[in-house]
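Following: one structure in C-alpha cells, then a few remarks.
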Amino acid sequence: MENREDPTVSAVVNVSSSPDLAALGRIKTAFSAMGFEVHAPFQTSFSIGAKKSLFETIFDTQLVIDETSLAAAVTTQDGASTLPLDRLDGDLSAQLASVEFMAPPAFPMNFTSPK
Numbered sequence: 014m015e016n017r018e019d020p021t022v023s024a025v026v027n028v029s030s031s032p033d034l035a036a037l038g039r040i041k042t043a044f045s046a047m048g049f050e051v052h053a054p055f056q057t058s059f060s061i062g063a064k065k066s067l068f069e070t071i072f073d074t075q076l077v078i079d080e081t082s083l084a085a086a087v088t089t090q091d092g093a094s095t096l097p098l099d100r101l102d103g104d105l106s107a108q109l110a111s112v113e114f115m116a117p118p119a120f121p122m123n124f125t126s127p128k
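Per our numbering, residue 14 is the first one in the sequence shown, and the count goes up by one each step.
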C-alpha cells in the first residue's frame, strides 16, 4: 500500500546535449547512487522515481502533490514543475538541462463514450 505521507513520484531528467552512451551512463549512475530508480533513456532524457522525501532531500525543496484531479500533479512549493539543479553536484548539474515533473494529462470534462 502506498504511503500517502511519502508517496512515490517521478520526474524527467533532460540532458543538456546529446551525450555519448558512456556519458549518459555516468549521469544515470549518479542518480541511481543517490537512491533514485532510473529508467531507460530516450534520446536525451530519462525518468527517475523515488519517494517524495528523497526528492525533497536531494533537491532541498518541498514538494506539493495536488490530488484534486484524476491524476496527481507534483510541483515545488512555489508551484514550479522544474527542480533546482544547483542542489546537485556541479559536474552533474552542468550536464543537465532540467529535472522536471510532467503535468498530468488533461482529460475532457464532458467526455461522451463513442457509440
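For glycine and all other residues, C-beta sits at the position ideal for the given N, C-alpha and C.
Item                                                                                           : Value
Secondary structure, beta strand (DSSP E): runs of 3+ residues fully inside the segment 65–123 : 76–79, 86–89 and 109–113
Helix, strand or coil at A36 according to DSSP, with G and I counted as helix                  : helix
Helix, strand or coil at F44 according to DSSP, with G and I counted as helix                  : helix
Three or more C-beta pairs below 8 Å linking the segment 47–59 and the segment 24–36           : yes
Burial state of V51 (16 or more Cβ within 10 Å)                                                : buried
Nearest-angstrom Cα separation, counted from S106 out to G38                                   : 15 Å
beta-carbon D33 near the ligand FMN non-hydrogen atom, thresh 6 Å                              : The ligand FMN is absent from the structure shown, which contains no ligand whatsoever.
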